[in-house]
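Undergrad: Can you keep this structure in mind? I'll have questions shortly.
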Amino acid sequence: MKLIDWLLDLLFPPKCVFCRKLLDSRETDLCARCRQSLPKTEGEIKAIRFCEEAFSLYYYEDKVPESVRRYKFSGMQNYGAVYGKLLALEILRRKIPFDLVTFVPVSAKRRKKRGFDQSELMAQTIGNELDVPVYRCLTKDKDNPPQSGLKSSDLRAVNVLGVYSPYRPERYREKKILLIDDVLTTGATVSECCATLRIAGASEVRCLTLAAARKLYK
Ligand SMILES: [Zn+2]
């Protein structure tokens, strides 16, 4: 271990990204208990439209929502790399086929306010871990009201209609895309992104998210 890492560990001892327990020397990123007990999904998400297949690593329950909130709203930007590594393993485990990785972008305004794009960070880590290309394929031009404020899935679908535009579609025409996002609640946002990518020329789109509502599996 480098001296600087040793000092940083002393000052800021590493904690589990999900339960915040102090990690012991044999644990990295997640504690052994969370590795075992977090709610891993089985099977495919049924509710996403315009894509070949959609998967999530976890259900959006137990310790997952609090962890994602710390990531997005409490400055825990380093979680992006941890989530990305977990997703890279899930891609290998499920043998998901793709030519390139992309992500559901936030608007430029939101990115400026937050300082980073949460799904882009996860996608970049996947690119590094698996040595695969990561492209921005979409832009979010409109700063629409947050989906979290809308309960009905119909309203959520209308709220994201036409919000995304293709970005440099010549790079992904006839290509198989793997689309990364953080959380699926109704699937409206990701369905809209899949439709935009397909209309712009992608041959196939598959989705992988960190977490998804259990109701999307029924
Ligand atoms: Zn833990």
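In the numbering used here, the protein residues as written are 165 to 382. From the three backbone atoms N, C-alpha and C, an ideal C-beta is built for every residue, glycine too.
Flag this pair as yes or no: are the beta carbons of residue 342 and residue 357 separated by less than 8 Å?
TA: Taking the first residue of the sequence shown as 1, we reach residue 342 at position 178. Taking the first residue of the sequence shown as 1, we reach residue 357 at position 193. The answer is no: Cβ separation not under 8 Å.
Undergrad: Heavy atom of ligand 1 less than 7 Å from the Cβ of residue 195, yes or no?
TA: If you number the sequence shown from 1, residue 195 lands on position 31. Indeed, a heavy atom of ligand 1 lies less than 7 Å from the Cβ.
Undergrad: Let me know the secondary structure DSSP gives residue 330 once reduced to three states.
TA: As a first step, residue 330 must be located in the sequence shown, where it is residue number 166. Strand, per DSSP.
Undergrad: Is DSSP giving residue 266 helix, strand or coil here?
TA: Taking the first residue of the sequence shown as 1, we reach residue 266 at position 102. The answer is strand: DSSP assigns residue 266 an E or B state.
Undergrad: Do you know whose CA, among 360, 289 and 351, lies nearest residue 210's CA?
TA: For this step, residue 210 is matched to residue 46 along the sequence shown. Of 360, 289 and 351, the residue nearest in Cα terms is 351.
Undergrad: Could you tell me whether the region 292-309 touches the region 324-338, where touching means 3 or more Cβ pairs closer than 8 Å?
TA: Enough Cβ pairs lie closer than 8 Å, so yes.
Undergrad: Do you know how far the Cα of residue 380 is from the Cα of residue 240?
TA: As a first step, residue 240 is located in the sequence shown; it is residue number 76 there, counting from the start. As a first step, residue 380 is located in the sequence shown; it is residue number 216 there, counting from the start. Taking the straight line joining both Cα atoms gives about 27 Å.
Undergrad: Determine the burial state of residue 220: buried for a count of at least 16 other Cβ atoms within 10 Å of its Cβ, exposed for fewer.
TA: Position 56 of the sequence shown holds residue 220. Buried, since its Cβ has 16 or more Cβ neighbours within 10 Å.
Undergrad: Assign residue 318 to one of three DSSP states: helix, strand, or coil.
TA: Sequence index remark: in the sequence shown, residue 318 carries index 154 (1-based). Three-state result, residue 318: helix.
Undergrad: Take residue 366 as the anchor and find which of 339, 242 and 373 has the nearest alpha-carbon.
TA: For the purposes of this step, residue 366 is taken as residue 202 along the sequence shown, with counting starting at 1. It is 339.
Undergrad: Evaluate contact between the region 309-317 and the region 286-293, counting only Cβ atoms and requiring at least three cross-stretch pairs below 8 Å.
TA: With the cut-off at 8 Å, the region 309-317 and the region 286-293 do not touch.
Undergrad: Considering only their Cβ atoms, is the gap separating residue 246 from residue 296 smaller than 8 Å?
TA: As a working mapping, residue 296 is identified with position 132 in the sequence shown. As a working mapping, residue 246 is identified with position 82 in the sequence shown. No, Cβ-Cβ distance for residue 296 and residue 246 is not below 8 Å.
Undergrad: Between residue 252 and the rest of its own chain, which residues show a CB-CB distance below 8 Å, the 5 nearest in sequence each way excluded?
TA: On the sequence shown, residue 252 is found 88 positions in, with the first residue counted as 1. These residues qualify, in order along the chain: 289, 290, 293 and 294.
Undergrad: Quick one: measure Cβ to Cβ for residue 182 and residue 194, integer angstroms, because I've assumed they're closer than 8 Å.
TA: Position 18 of the sequence shown, counting from 1, holds the residue named residue 182. Position 30 of the sequence shown, counting from 1, holds the residue named residue 194. The Cβ separation is near 6 Å, so the contact holds.
Undergrad: Alpha carbon to alpha carbon, how far is residue 170 from residue 323? Give it in angstroms, no decimals.
TA: For the purposes of this step, residue 323 is identified with residue 159 of the sequence shown, where counting begins at 1. For the purposes of this step, residue 170 is identified with residue 6 of the sequence shown, where counting begins at 1. Looking at the two C-alpha atoms, the distance is approximately 48 Å.
Undergrad: Work out the CA separation of residue 180 and residue 187 for me, nearest whole Å.
TA: The residue given as residue 187 occupies position 23 in the sequence shown. The residue given as residue 180 occupies position 16 in the sequence shown. Looking at the two C-alpha atoms, the distance is approximately 6 Å.
Undergrad: Please classify residue 237: does DSSP put it in a helix, a strand, or coil?
TA: Numbered from 1 along the sequence shown, position 73 holds the residue referred to as residue 237. Helix at residue 237.
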